[in-house]
Structures are given as structure tokens and as C-alpha cells.
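J.: My structure is below; once you've seen it, I'll send some questions.
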Amino acid sequence: MGDVTHARGGEEVARALLSQVHPVFMLPPLAASLFGAVFAGQVAPAAAALHVVALFFAVYTAHVKDGYVDFHVRGEDDDHPLSASACRRALLGSTAGFLAALVGIWVTSGPGAVAITAPTWALGYFHAPQLDTHTVGATAGYPTGIALALLGGYYAQAGELTPAVLGLAGVFLLFLSGIKVVDDAQDYDYDRSIGKRTVAVVLGPRGAYRAAYALMATGMVAVVLLALGLRGIPPSAGLASLVFGVVALVARRAEPELATMLLIRGSYLFLAVLVAAVWFRPLG
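Start counting the sequence shown at 14; every next residue gets the next number (my numbering).
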């Protein structure tokens, strides 16, 4: 078998490799890293860039490994652009890129930033088939990666973690876990048939929706409390909860696929409002 399932040649191989960059899932951790840098105050471009590069390779590892497992191991997908051997080489390349970025982070930001960033690769590599078959791993794996991206981006600039950034990382973990529960509900029948214990399989679709919106609501309330009670988070950050809350109310009446699409885009708006609040501090 060649480098790709249906294609041959360098250009087609390059396209197949690029096909494993999924912007919907790639952009949030990169944006969270940059938000962490902005939240820290003064941004050192080299440190910020190295952290973003490391996260790119961590998420790319997750995408390649997930596709490899779903098509070549589990047989869940009907097609995949990369052969099994090409997947393994892509994983070696992305891991090498991640390790090189970690060396740069060590030089520019120290071992603490490396310690926070290194687990993102492990989350990506072990997502399938280890973490995604269990309730906590399937639900919280990606949100945990986003939270670590925020913390790592902040630490790479500030050299420390504060209660404010830890609180915001917890918020991201909560409301993104809620979105992931809704996303997994799309595959309830299939996941149940193969024994994949997502929240929807464990609690049923209705119970999963209640749990998902409880997680998201808790996260939104936490943002308001943090904005009112913690130094470093401007009061205007509470507006992010209002924006996401409106989207969540609309999504609650939609079927799982549309709800997931709305909630993911709502999370982009949530992050955009947080960035604007931290950057411009309109309320002082």
C-alpha cells in the first residue's frame, strides 16, 4: 500500500496530510493559547509562537491517530486518505515537531511551561482508542486540552499561574465538557452498539442533555463570579456568559447536530468577548 489510500505522488500525499488539519477542532486550542498570552499582559512573540506550534502538533497528532484508529483499527469509517504506514509516519513527524517546540518552550519560558504543555500531546495521542471509550475520557479529554492550552499560553508569558487564570481554565473545562456531551449525543445509537460509554450512553439522551446544560450553566455563572470577585478579570468579562447563554438557549431546542454546531460557534463568540474584555477593558 502507498502513502495514501487512493492517491500516489508527493502532491497528493501532501494534500492527504493537510486533510488531517480540521480547523473546527484545531483553532480553539490555538486561540486559547493566544488568549492566555494576552491575559498575561505583555506578550513575548517568540514564546507565544512556540506554544502555538506545540499545540498545533499536539492536535494534529490527535487527528491522525483518531483517523488511523477509526479506519484502520476499528473499521468505523468508510474511507481514509492515509494508509496505515503513512499514518504512523505522520505521527512520528508530528511528535518530532511537538518535541522540538517543547525544547524551544524550555529555552524561552522554562520547565514549568513545558510541564503544562507536555500533557496536551498525551491527551491527543491516547484519545483513541484509550480515552474515547470511557465516560470521563470521551467527555473531558478535549476540554482538558483547551484548559491546558490556556494555562500554558499564560505561563509561557508570566512564568506563574494565578487564581484568575486557573478559574478561567476551569470555566473552559466546564462549558466545553457540556458541549462535548451534546456532540456525543449525535452518535448515541452507534456508541451504545459498540459499548462506548459516553455520557449519552450512560445517562440516556435526555439525561445527557440535562447534564450538558448543567455543566454549561455552571461555567457561565462561574465567569460572572470570577469577573466580580477576582482581581485580574475585568467585570466586562461577564458579558461573555450573556453571549454564550443566548446561543445555548437557541441550541437547546435544536437536534443534536445543529445544537453542536451552534454551541461550538457560541464558544468562539464566548472566547472573542473574553479577549475583547481583557484587551480593551471597557469598564476599567
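The beta-carbon is built from N, C-alpha and C at its ideal position, and this holds for glycine as well.
Please read these numbers as outputs of a predicted model, since none were measured by experiment.
Could you tell me the distance, in whole angstroms, from the CA atom of Q33 to the CA atom of H140?
T.: Counting from one through the sequence shown, the residue named residue 33 turns up at place 20. Counting from one through the sequence shown, the residue named residue 140 turns up at place 127. Approximately 15 angstroms, taken between the alpha carbons.
J.: From which residue to which residue does the alpha helix (DSSP H) around E270 run?
T.: Walking along the sequence shown from the start, residue 270 turns up at place 257. For E270, the enclosing alpha helix (DSSP H) has its first and last residue at 269-293.
J.: Considering Cα atoms alone, identify which of E268, A250, I277 is closest to P295.
T.: Indexing the sequence shown from 1 puts residue 295 at position 282. Residue A250 is the option with its Cα nearest to P295.
J.: So, using beta-carbon positions, are V194 and A224 closer together than 8 angstroms?
T.: One-based indexing of the sequence shown puts residue 194 at position 181. One-based indexing of the sequence shown puts residue 224 at position 211. For V194 and A224, yes; Cβs fall inside 8 angstroms.
J.: Would DSSP call L174 helix, strand or coil?
T.: Within the sequence shown, residue 174 is the residue found at index 161, counting from 1. The answer is coil: DSSP assigns L174 none of H, G, I, E or B.
J.: Could you check what DSSP says for L187 in three-state terms: helix, strand or coil?
T.: Sequence index remark: in the sequence shown, residue 187 carries index 174 (1-based). Here L187 sits in helix by DSSP.
J.: How is the alpha helix (DSSP H) around K78 delimited, first residue to last?
T.: Taking the sequence shown and counting its residues from 1, one reaches residue 78 at position 65. Start and end: 58-81.
J.: DSSP three-state call for G15: helix, strand or coil?
T.: For this step, residue 15 is matched to residue 2 along the sequence shown. With a pLDDT of 45 at G15, under the threshold of 50, the predicted position of this residue should be treated as unreliable, and no value is reported.
J.: Let me know the secondary structure DSSP gives L239 once reduced to three states.
T.: Residue mapping note: residue 239 aligns to position 226 of the sequence shown, counting from 1. For L239, the secondary structure class from DSSP, reduced to helix, strand or coil, is helix.
J.: Assuming contact is defined by CB atoms lying nearer than 8 angstroms, are V37 and I192 in contact in what I supplied?
T.: Translated into positions along the sequence shown, residue 37 becomes position 24. Translated into positions along the sequence shown, residue 192 becomes position 179. Going by C-beta atoms, V37 is not nearer than 8 angstroms to I192.
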